[in-house]
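Visitor: Sharing a structure below in structure tokens format, with a few things to ask.
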Amino acid sequence: MICSVLRNRILTAFDFGDTSLYHEILRFAQKSRSTFATLVFLRSLNFFEGQKFFMDAIMSASFADFDPDFSSFLARTASMDSDHWPVSRNFLLDERITPERAERYGECGAVADHGNAGEWKSRHDAYLTENISIPGDDFEPRDIDDPEDTDMCPDTFRFPTLARALANDLASDLIRVQKISSFKRASQLSSKGILALAANTLAGDRDAQGRLDGVLDQFARDRDWRPVFAGVWLDLADVFGATPEEDPPDWADNPRDRLGLYDLTPKSMDNTGILVFRYPARAVPRLSTLGDRARPLTIPCVLDGGFSDVFFPSPRESDTGHAMDLANARPCDGLTREVLHPAMRFQARYLFRVGAITRPVDPDAIGVQRGLHPTCPRERFERPEYGQRTDRDLL
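Residue numbers 1 to 395, in the UniProt record's numbering, belong to the letters of the sequence shown in order.
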């Protein structure tokens, strides 16, 4: 009955060429208490082949459209005097939430009119634990042979939104910045010991390279298999000199800022040691549904990681994510692209730089940077309204 009524209403929408009826249909589905199932049904109907405008409306819906109670909660907590206000705004803004992922998020109790942001965060973390941070099995991460195996494949790659140009360019290089301290457990070394080992590897010490590979192997076995954020080498090449000796003195601060890595801010007077890996897309684990000619490089969305005040979702027209710079207003042709890929074992041969971040991130600058960041996506993708509903007070 529901499907029949919806089909008739959709036919009317097509007759008049009016996508605004999408929202009326969605409200009707919500009243039927089967929103997610109905959306999945709509997407699967052969009738929609060729009706691209309607499909785009369905596939680009944000959480503002999926559940009225959750939407109301997000609107209340989007005020700057609320905890996690940037996260609430991102959930209202993100256009890459597929019905399948929204349904799984709801199954963890996260799609609701929560009592407070803390309650929501606990539900969000429960979703990540069950569907994103897949526990390792004492072996290094490997190719994803069966995306339907929820014990092996995070939701990010079960329902991938591909960065298609990069995913199909196996020769393109990616950049990953990793805290040295994250390797301490795997190596049984101090941060200074790991720093020395990495520096010797860069200097061409074969013994050090072998030992570092052992550390990286154990690190890969110890960690869970959550998706990995990476930047695009071409967007960050200007940060570095031709050789490590020619790097600017404060070079390590720049990839931190341009990749939006807020958690890499030094604590107190201590510097934050980092390893920078540069590796080709072909080194990324495969996803069986893509074959061997592409890799699962996906566009980040709000369901791919923990609450982050410095994440900003890219509009649906974008073929990648774009990191929010933590310190500077980037020109529109200088935004740093970011993608996600499956967990992998990094290799010592991909070690590119060893350094230390010295400058803390100014927490008061986050609101300013959030107000500046949407300017370029709005201009580049001809979306002058993008971010207006959520961040008008910052623009």
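Virtual Cβ for every residue (Gly too), placed ideally from N, Cα, C.
For Ser187, count neighbouring Cβ atoms within 10 angstroms of its own Cβ and tell me buried if that reaches 16, exposed if not.
Guide: With 16 or more Cβ atoms within 10 Å of its Cβ, Ser187 is classed as buried.
Visitor: List in chain order: all unbroken alpha helix (DSSP H) runs of 4+ residues lying wholly within the region 252–331.
Guide: Counting whole runs of 4 or more residues, the region 252–331 contains the alpha helix (DSSP H) stretches 253–258.
Visitor: With 16 other CB atoms within 10 Å as the buried threshold, where does Met80 fall?
Guide: Classification of Met80: exposed, given that the 10 Å Cβ count is below 16.
Visitor: Taking buried to mean at least 16 other C-beta atoms within 10 Å of its own C-beta, is Arg370 buried or exposed?
Guide: Flag for Arg370 reads buried.
Visitor: Shortest alpha-carbon distance to Glu338 belongs to which of Ile144, Ile132, Arg256, Asp155?
Guide: Answer by Cα proximity: Arg256.
Visitor: Compute the Euclidean distance between the alpha carbons of Trp120 and His114, then round it to the nearest angstrom.
Guide: Near 6 Å, if we compare the C-alpha coordinates of His114 and Trp120.
Visitor: Give the C-beta separation of Thr320 and Leu93 to the nearest angstrom, bearing in mind that I take them to be a contact with Cβ-Cβ under 8 Å.
Guide: Not confirmed; about 17 Å, so no contact.
Visitor: When burial is assigned at 16 or more other CB atoms within 10 Å of the CB, is Leu340 buried or exposed?
Guide: So Leu340 ends up on the buried side.
Visitor: Helix, strand or coil, according to DSSP, for Phe240 in the structure here?
Guide: Coil.
Visitor: Which same chain residues, not among the five before or five after Asn271, have their C-beta less than 8 Å away from its C-beta?
Guide: Closer than 8 Å at the Cβ level, and outside the excluded window around Asn271, lie Ala356, Ile357, Thr358.
Visitor: Three or more beta-carbon pairs under 8 Å between the region 299–318 and the region 156–174, yes or no?
Guide: With a cut-off of 8 Å, the region 156–174 and the region 299–318 count as touching, because enough Cβ pairs lie within range.
Visitor: Taking one C-beta from the region 306–315 and one from the region 177–195 each time, how about it: are there three or more such pairs within less than 8 Å?
Guide: With the cut-off at 8 Å, the region 306–315 and the region 177–195 do not touch.
Visitor: Anyone know if the C-beta pair for Arg176 and Gly241 falls short of 9 Å?
Guide: The answer is no: Cβ separation not under 9 Å.
Visitor: Are the CB atoms of residue 417 and Ala348 nearer to each other than 9 Å?
Guide: The structure shown does not extend to residue 417, since the chain spans only 1 to 395, so no value can be given for it.
Visitor: If you compare alpha carbons, which of Arg378, Gly291, Pro154 is closest to Glu317?
Guide: When each option's Cα is compared against that of Glu317, the closest is Arg378.
Visitor: My output table needs one value for Val368: the three-state DSSP class, helix, strand or coil.
Guide: Helix, per DSSP.
Visitor: Compute the Euclidean distance between the alpha carbons of Ile194 and Leu290, then round it to the nearest angstrom.
Guide: Rounded to the nearest angstrom, the two C-alpha atoms are 36 Å apart.
Visitor: Measuring CB atoms only, is the region 136–154 touching the region 323–331, in the sense that at least three cross pairs come out at less than 8 Å?
Guide: Short answer: they don't touch.
Visitor: Give the secondary structure of Ala199 by DSSP, where H, G and I count as helix, E and B as strand, and everything else as coil.
Guide: Ala199 falls in the helix class under three-state DSSP.
Visitor: Check whether the Cβ atoms of Arg89 and Asn168 sit closer than 9 Å, and answer yes or no.
Guide: It is not a contact, given that the beta carbons lie outside the stated cut-off.
Visitor: Leaving out five residues on either side along the sequence, give the residues of the same chain with a beta carbon under 6 Å from the beta carbon of Val361.
Guide: The answer, listed in chain order, is Tyr262, Thr265, Leu326.
Visitor: Is it buried or exposed, Thr243, if we count other Cβ atoms within 10 angstroms and call 16 or more buried?
Guide: Thr243 comes out exposed.
Visitor: Give the secondary structure of Gln188 by DSSP, where H, G and I count as helix, E and B as strand, and everything else as coil.
Guide: Reduced to three states, the DSSP call for Gln188 is coil.
Visitor: For Asn116, tell me which candidate among Tyr127, Ala126, Ser82 has the shortest Cα-Cα distance.
Guide: For Asn116, the nearest C-alpha among the options comes from Ser82.
Visitor: Which same chain residues end up closer than 6 Å to Thr77 when comparing Cβ atoms and leaving out the 5 residues on each side of it in sequence?
Guide: Ser88, Ala117, listed in sequence order.
Visitor: Could you give the distance in angstroms between the alpha-carbon of Arg383 and the alpha-carbon of Pro374?
Guide: Answer to the nearest angstrom: the Cα atoms are 10 Å apart.
Visitor: Quick check on Gly231: does DSSP put it in helix, strand or coil?
Guide: Looking at Gly231 - three-state DSSP - the assignment turns out to be strand.
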